[in-house]
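Engineer: I am attaching a structure below and will ask some questions about it afterwards.
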Amino acid sequence: MIETSRIVIVGAGLGALYAALKLSPHPVLVISPEVLGEGASSAWAQGGVAAAMASSDSPAAHARDTETAGAGIVDPAIARLVTGEAPRRILDLTALGTPFDRSPEGGYVMSREAAHSTARVVRVKGDQAGHEIMQTLIAAVRATPSIQVVEGILATSLEVTQGVVTGVWVKKAHTPSGKLLIRTPAVLLAGGGSGGLFAVTTNPPRIRGQVIGMAARAGARIADPEFVQFHPTAIASGEDPAPLATEALRGEGAVLVNSRGERFMLPVHKDAELAPRDIVARAVYLERQAGRAPALDTRACLGAEILTRFPAVAQACKRAGIDPVSQPIPVAAAAHYHMGGIDVTEDGRASLDHLWVCGEASSTGLHGANRLASNGLLEALVFARICAEGISEAVPMAPAPEVPLEIPEGDEVTDEAAVTRLRAAMTNGVGVVRTAAGLKAALRTIAGIEAAATGDSLRNMTATATLIAAAALAREESRGGHFRADFPQADPARACRTRITLDEARAIRARATEEP
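Using our numbering, the letters of the sequence shown map in sequence onto residues 3 to 518.
Structure representation (structure tokens):
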């Protein structure tokens, strides 16, 4: 065990790094499983950051679009808070050196994405927003003396004493090891979402719900876990994770077609390819289920420009032997973003004392049942700032030497075969289209994997998987990213957020697994 007066930040994505900078000169310790910039979902984000930067736009309009996309359960006060602060976060990132795309007149180049009423997404080099913002933040973090970064270390569990988080257990991320307890005055969890719990996902390999599960196992309340967003245009090339064909392509005029050459979104929604993500994702999923090979056609709207304006998409196509200049890009719906997460208040506090959460691991009430495109990075920025201010007020600043992390020897490893079974069960039973039978089958598989699990990492995954599937079983309606084929309509009586503990989710699982 080691004690420090540094604030411990678990995670190394946009929220974690921005919070570390905002906490300066408060000494912090950032725990990252990967080299900074390599394992975070933020670095993979293509679209950009939603913000009302244009004179024709307003935070109020941005908030209205956020509430509309969220299908009735967005917290209006949180939507106003986040969208109102959005322009300031863009200006702050610009001041740090983020090379946002600019017009010849110096304004920000804006993209329009699904369910936005106007072009509102600030971008970098077409589809490089996440990478470029992360590189800017990494450089600033490396240059800040108060921030200690430790790479190759994985947080596995929280120490809680009488409802107060007092420490974090960590181990080596890539090799077998024992565990070390770090005692700290406060913990900020910013370790990403849960997309990697599904077999088809756009998330980095390590983003598999571990942080949410870790908090749930410690007793933290979870909110809206059933609401998982599936991106409609992951490139169906067989890669794991699946590369993303950014929504900005559809904003530029790309269309979805099937093997018959039909634009199948036209009869589905008045906004066709720019309908809310859940609607487009279900349509893509059903086309693939019917054997009609959905694809994204960029030929007419972009032609050869896709190679230079959207380099990440072009590179993914090249790896798969696809020429997007001359042929449509095959696509599939893939787990992309978790609207649910650790329940937090408007100041970023979890239900356990001395625990703050920001980014995709949190559930603030901003996204409701369906996240508005490019609001994810925005929420991470705004709540990273909020959490940093709250921690600074709650925890007195004290001198803190760097923490020497000497992880003891040990042999704890994650059963990768069990992880593969878990991901298959989540995709098959808790995916784009859900039923009671499928959810119960998934819960039985999850329970079996959990019973045989020997390490914290896998138990964290099964905890989050249990929360998602149990809450999905309990919500007998369809709303936003949660679609029940056996309850295909929204129920007005259920237009409220879910709040649930792991014990409650396990009770639902136990009842479901006892049934024939």
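Yeah, the Cβ is synthetic: ideal placement off N, Cα and C, and Gly gets one too.
Per the DSSP calculation, R294 is bridged to which residue(s)?
Structural biologist: In the sequence shown, the residue the question calls residue 294 occupies position 292. Partner(s): none; R294 has no beta bridge.
Engineer: Which residues in the same chain as V162 place their Cβ atom closer than 8 Å to its Cβ, once the five residues preceding and following it in sequence are excluded?
Structural biologist: Numbered from 1 along the sequence shown, position 160 holds the residue referred to as residue 162. Within the same chain, V162 has close Cβ partners T168, A220, G221 and L354.
Engineer: By DSSP, does K173 sit in helix, in strand, or in coil?
Structural biologist: Numbered from 1 along the sequence shown, position 171 holds the residue referred to as residue 173. Note: K173 maps to strand in three-state DSSP.
Engineer: Would you call the stretch 263 to 272 in contact with the stretch 280 to 296, where contact means no fewer than 3 C-beta pairs closer than 8 Å?
Structural biologist: The stretch 263 to 272, when compared against the stretch 280 to 296, does touch it at the 8 Å Cβ threshold.
Engineer: Residue range of the beta strand (DSSP E) that D345 falls in?
Structural biologist: Taking the first residue of the sequence shown as position 1, residue 345 is located at position 343. Note, D345: beta strand (DSSP E), G343 to D345.
Engineer: Given that a residue counts as buried once 16 or more other Cβ atoms are within 10 Å of its Cβ, and exposed if not, what is M55?
Structural biologist: Stepping through the sequence shown from its first residue, residue 55 is reached at position 53. Counting Cβ neighbours within 10 Å, M55 comes out buried, since at least 16 surround it.
Engineer: Three or more C-beta pairs closer than 8 Å, one from the stretch 501 to 518 and one from the stretch 248 to 261: is that the case here?
Structural biologist: The stretch 501 to 518 vs the stretch 248 to 261: no contact.
Engineer: Alpha carbon to alpha carbon, what distance is there between A439 and A386?
Structural biologist: Within the sequence shown, the letter at position 384 stands for residue 386. Within the sequence shown, the letter at position 437 stands for residue 439. So the two alpha carbons sit approximately 39 Å from each other.
Engineer: Please classify R461: is it buried, with 16 or more other beta-carbons within 10 angstroms of its beta-carbon, or exposed?
Structural biologist: In the sequence shown, the residue the question calls residue 461 occupies position 459. R461 should be labelled buried.
Engineer: Would you say V421 reaches chain C, if we count a Cβ-Cβ gap shorter than 8 Å as a contact?
Structural biologist: The structure shown has no chain C; it contains just one protein chain.
Engineer: Report the residue from L25, A337 and A467 whose alpha carbon sits nearest the alpha carbon of A396.
Structural biologist: For the purposes of this step, residue 396 is identified with residue 394 of the sequence shown, where counting begins at 1. If we check each option's Cα against that of A396, L25 comes out closest.
Engineer: Note the first and the last residue of the continuous alpha helix (DSSP H) segment covering F385.
Structural biologist: In the sequence shown, counting from the first residue as 1, residue 385 sits at position 383. N377 to A396 is the extent of the alpha helix (DSSP H) around F385.
Engineer: Taking the alpha-carbon of H484 as reference, which of T177, V315 and Y339 has the nearest alpha-carbon?
Structural biologist: Position 482 of the sequence shown, counted from the start, is the residue given in the question as residue 484. It is Y339 whose Cα lies nearest to the Cα of H484.
Engineer: What does the Cβ neighbour count give for Q130, buried or exposed, with the cut at 16 atoms within 10 Å?
Structural biologist: For the purposes of this step, residue 130 is taken as the residue at position 128 of the sequence shown. Label assigned to Q130: buried.
Engineer: Measuring only the C-alpha atoms, how far is G194 from D493?
Structural biologist: Counted from its first residue, the sequence shown places residue 194 at position 192. Counted from its first residue, the sequence shown places residue 493 at position 491. The alpha-carbon atoms of G194 and D493 are separated by roughly 30 Å.
Engineer: For the beta strand (DSSP E) containing H338, name the first residue and the last one.
Structural biologist: Here residue 338 is taken as the residue at index 336 of the sequence shown, counted from 1. That run of the beta strand (DSSP E) goes I331 to H340.
Engineer: What would DSSP say about A81, mapped onto helix, strand or coil?
Structural biologist: The residue you call residue 81 lines up with position 79 of the sequence shown. If DSSP states are grouped into helix, strand and coil, A81 belongs with the helices.
Engineer: Considering only the beta carbon of each residue, do T138 and L93 sit closer than 8 Å?
Structural biologist: For the purposes of this step, residue 138 is taken as residue 136 along the sequence shown, with counting starting at 1. For the purposes of this step, residue 93 is taken as residue 91 along the sequence shown, with counting starting at 1. Cβ distance not < 8 Å, so T138 and L93 don't count as in contact.
Engineer: Please state whether DSSP places R265 in a helix, a strand or coil.
Structural biologist: Here residue 265 is taken as the residue at index 263 of the sequence shown, counted from 1. Correct three-state label for R265: coil.
Engineer: Starting from S159, follow the beta strand (DSSP E) in both directions and report where the run begins and ends.
Structural biologist: Translated into positions along the sequence shown, residue 159 becomes position 157. Run containing S159: I155 to T163, per the beta strand (DSSP E) assignment.
Engineer: Alpha carbon to alpha carbon, how far is A314 from R133? Give it in angstroms, no decimals.
Structural biologist: On the sequence shown, residue 133 is found 131 positions in, with the first residue counted as 1. On the sequence shown, residue 314 is found 312 positions in, with the first residue counted as 1. At residue 133 the sequence reads His, which differs from the Arg that was named. About 10 Å.
Engineer: How would you call T310, buried or exposed, if buried means at least 16 neighbouring beta carbons within 10 angstroms?
Structural biologist: Working through the sequence shown from its first residue, we reach residue 310 at position 308. By the neighbour-count rule (16 or more Cβ atoms within 10 Å), T310 is not buried but exposed.
Engineer: By DSSP, does A142 sit in helix, in strand, or in coil?
Structural biologist: As a working note, residue 142 is residue 140 in the sequence shown. Residue state, collapsed to three classes: helix.
Engineer: Is the Cβ-Cβ distance between A21 and L368 less than 8 Å?
Structural biologist: One-based indexing of the sequence shown puts residue 21 at position 19. One-based indexing of the sequence shown puts residue 368 at position 366. Taking 8 Å as the Cβ cut-off, A21 and L368 do not qualify as a contacting pair.
Engineer: Helix, strand or coil, according to DSSP, for R351 in the structure here?
Structural biologist: Mapped onto the sequence shown, residue 351 falls at position 349. Strand at R351.
Engineer: Comparing C-alpha positions only, which one of R301, V432, I237 and E36 sits nearest to V327?
Structural biologist: Position 325 of the sequence shown, counting from 1, holds the residue named residue 327. Here the closest residue by C-alpha is R301.
Engineer: Taking the straight line between their C-alpha atoms, what separation do you get for V10 and I155?
Structural biologist: As a position in the sequence shown, residue 10 is number 8, starting the count at 1. As a position in the sequence shown, residue 155 is number 153, starting the count at 1. Spanning the two alpha carbons is a distance of roughly 13 Å.
Engineer: Out of G412, L380, D458 and R425, which has the shortest C-alpha to C-alpha gap to E87?
Structural biologist: One-based indexing of the sequence shown puts residue 87 at position 85. Out of G412, L380, D458 and R425, L380 has the C-alpha closest to the C-alpha of E87.
Engineer: Grab me the residues of F312's own chain with a C-beta within less than 7 Å of its C-beta, minus the 5 sequence neighbours each way, in chain order.
Structural biologist: The residue you call residue 312 lines up with position 310 of the sequence shown. Answer for F312: G128, D129, T248 and L251, listed in chain order.
Engineer: Quick one: Cα of V32 to Cα of A157, how far?
Structural biologist: Along the sequence shown, read from residue 1 onward, the residue named residue 32 stands at position 30. Along the sequence shown, read from residue 1 onward, the residue named residue 157 stands at position 155. Looking at the two C-alpha atoms, the distance is approximately 11 Å.
Engineer: If we call anything under 8 Å between Cβ atoms a contact, is A244 one with A336?
Structural biologist: By 1-based counting over the sequence shown, the position of residue 244 is 242. By 1-based counting over the sequence shown, the position of residue 336 is 334. Yes.
Engineer: Leaving out the 5 sequence neighbours to the left and right, which residues in its chain are closer than 7 Å to A474 when beta-carbon positions are compared?
Structural biologist: As a position in the sequence shown, residue 474 is number 472, starting the count at 1. E228, V432, R436, L441 and H484.
Engineer: Who does F489 pair with in a DSSP beta bridge?
Structural biologist: Residue mapping note: residue 489 aligns to position 487 of the sequence shown, counting from 1. According to DSSP, F489 bridges with R486.
Engineer: Using 8 Å as the threshold, is the C-beta distance between M399 and H28 below it?
Structural biologist: What you label residue 399 is simply residue 397 of the sequence shown in a count that begins at 1. What you label residue 28 is simply residue 26 of the sequence shown in a count that begins at 1. Their beta carbons are under 8 Å apart, which means M399 touches H28 by this criterion.
Engineer: My assumption, with CB atoms under 8 Å, is that T468 sits in contact with R508. Please give the rounded CB distance.
Structural biologist: In the sequence shown, the residue the question calls residue 468 occupies position 466. In the sequence shown, the residue the question calls residue 508 occupies position 506. T468 to R508, Cβ: 6 Å. Contact.
Engineer: Give the single residue among V333, R185 and G323 whose Cα lies nearest to the Cα of T203.
Structural biologist: The count along the sequence shown starts at 1 and reaches residue 203 at position 201. Ranking V333, R185 and G323 by Cα distance to T203 puts V333 first.
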